[in-house]
Amino acid sequence: MSQTYKATGINLKAMPLGETDRLLTILTPEIGLVRAVAPGSRKHQSRLGGRSDLFVINECLVVKGKRLDKLIQAETVRTFPGLSRQLARLTASQYLAEVVLLMALSDSPQSDLFHVFVEHLERLETASSGAVLAALCHGLYHLLALDGVAPEVHRCTLSRVEIVPNLLDPAWRVEFSSEAGGLVQADGATQLGEGQGRYGQPPKRPLLLTATDVALLQQLTKPEILSTLPMGLESQDPQPGKTQQLWARVERLLREYTENYFERPIRSAALVDVCLATL
49 MSQTYKATGI
59 NLKAMPLGET
69 DRLLTILTPE
79 IGLVRAVAPG
89 SRKHQSRLGG
99 RSDLFVINEC
109 LVVKGKRLDK
119 LIQAETVRTF
129 PGLSRQLARL
139 TASQYLAEVV
149 LLMALSDSPQ
159 SDLFHVFVEH
169 LERLETASSG
179 AVLAALCHGL
189 YHLLALDGVA
199 PEVHRCTLSR
209 VEIVPNLLDP
219 AWRVEFSSEA
229 GGLVQADGAT
239 QLGEGQGRYG
249 QPPKRPLLLT
259 ATDVALLQQL
269 TKPEILSTLP
279 MGLESQDPQP
289 GKTQQLWARV
299 ERLLREYTEN
309 YFERPIRSAA
319 LVDVCLATL
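Just so you know, the working numbering puts the end of the sequence shown at 327, numbered straight through with nothing missing.
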């Protein structure tokens, strides 16, 4: 006798399976990741067709299987139509979904991860073209923070001295090291380079950050991004596209940090480089 269970979940990944099916990876708050076949969902007018699209939240009825579960019924609770109306929003959402897949567990409640991810999809859905990168960085940082592995952006990771960026001093600099876990003062970076990096490899050379870079990183720790530029920079009247360039630097830094931590590339990041470069 088959065992069925109910769960509310959001589709993170969908892959073709056979001639007409899809294999879904669903994040549920109750039991974590679920991998289930949506039978016939690629058929024209299938009742599971639209319900098996990315970022659809369904109330699911699933049959437990030996290898793969089977989705037999789904009632849509919520969709995010604004994501598919702009390629940049959709790509940024796929980027965050890829990171969620690296973090999520199966057979374990993932309520906080579910709600944080949905919250940032909501923000991406309404983000203007110029704010997509900022929203992506904000979501990525909050996911890392939820997992307890966000980089330290307020203090030197070695000396624990608070770091306050001076936006009025163009020569102000601090370094960032994925190996150390965040910001490092210049003298501390030298000490870091004397040892070994993670996994016994030589440590990477720390990246040199400007005061603006650090100010943007520190904004990411807030519940909301109040502006797309740090206080004190708006008055400098940046050139068109300057804001995008600033957030692009932050995204690349967070991407390298995340890939270094999980030891996996973020494949969707390549699409971000392409589609957001044209905004």
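Every residue gets a Cβ at the ideal spot worked out from N, C-alpha and C, and that includes glycine.
In the structure shown, what three-state DSSP assignment does proline 129 receive? helix
Practice item. Taking valine 320 as the reference, give the member of Lys54, Val180, Ile211, Glu123 with the closest Cα. Key: Val180
Nearest to leucine 331 by alpha carbon, out of Lys270, Glu272, Phe162?
-> Outside the shown range of the chain, which is 49 to 327, sits residue 331, and nothing can be said about it.
Task: serine 229 versus proline 213: straight-line alpha-carbon distance, rounded - done: Note on identity: in this sequence residue 229 is glycine, with serine being the wrong assignment. Rounded to whole angstroms, glycine 229 to proline 213 spans 18 Å at the Cα level.
- By Cβ distance below 7 Å, which residues in the same chain neighbour histidine 190 in space, the five residues on each side in sequence not counted? Val164, His168
>> Excluding the 5 residues flanking leucine 109 on each side, which residues of the same chain have their C-beta closer than 7 Å to its C-beta?
In response: Thr52, Lys54, Ile120, Gln121
Task: C-beta contact flag for leucine 231 and threonine 258 at 8 Å - done: no
Nearest-angstrom Cα distance between valine 148 and glutamate 311?
-> 14 Å
| message | Taking the alpha helix (DSSP H) that asparagine 308 belongs to, which residues open and close that run? | response | 290-310
From which residue to which residue does the beta strand (DSSP E) around aspartate 69 run?
69-76
**Prompt:** Should threonine 127 and valine 104 be called a contact, given that it needs their Cβ atoms to be closer than 8 Å?
**Reply:** yes
**Q.** Straight-line gap, glutamate 242 to arginine 253 (C-alpha atoms, nearest Å)
**A.** Annotation note: pLDDT 48 at glutamate 242 (below 50); position unreliable, no value reported.
- Item | Minimum C-alpha distance to leucine 215 - residue among Glu146, Thr260, Arg137, Arg133 | Thr260
Practice task
Using DSSP bridges, identify the partner residues of alanine 62.
Solution key: Leu72
Nearest-angstrom beta carbon gap, serine 100 and alanine 62 [assumed within contact, 8 Å]:
6 Å
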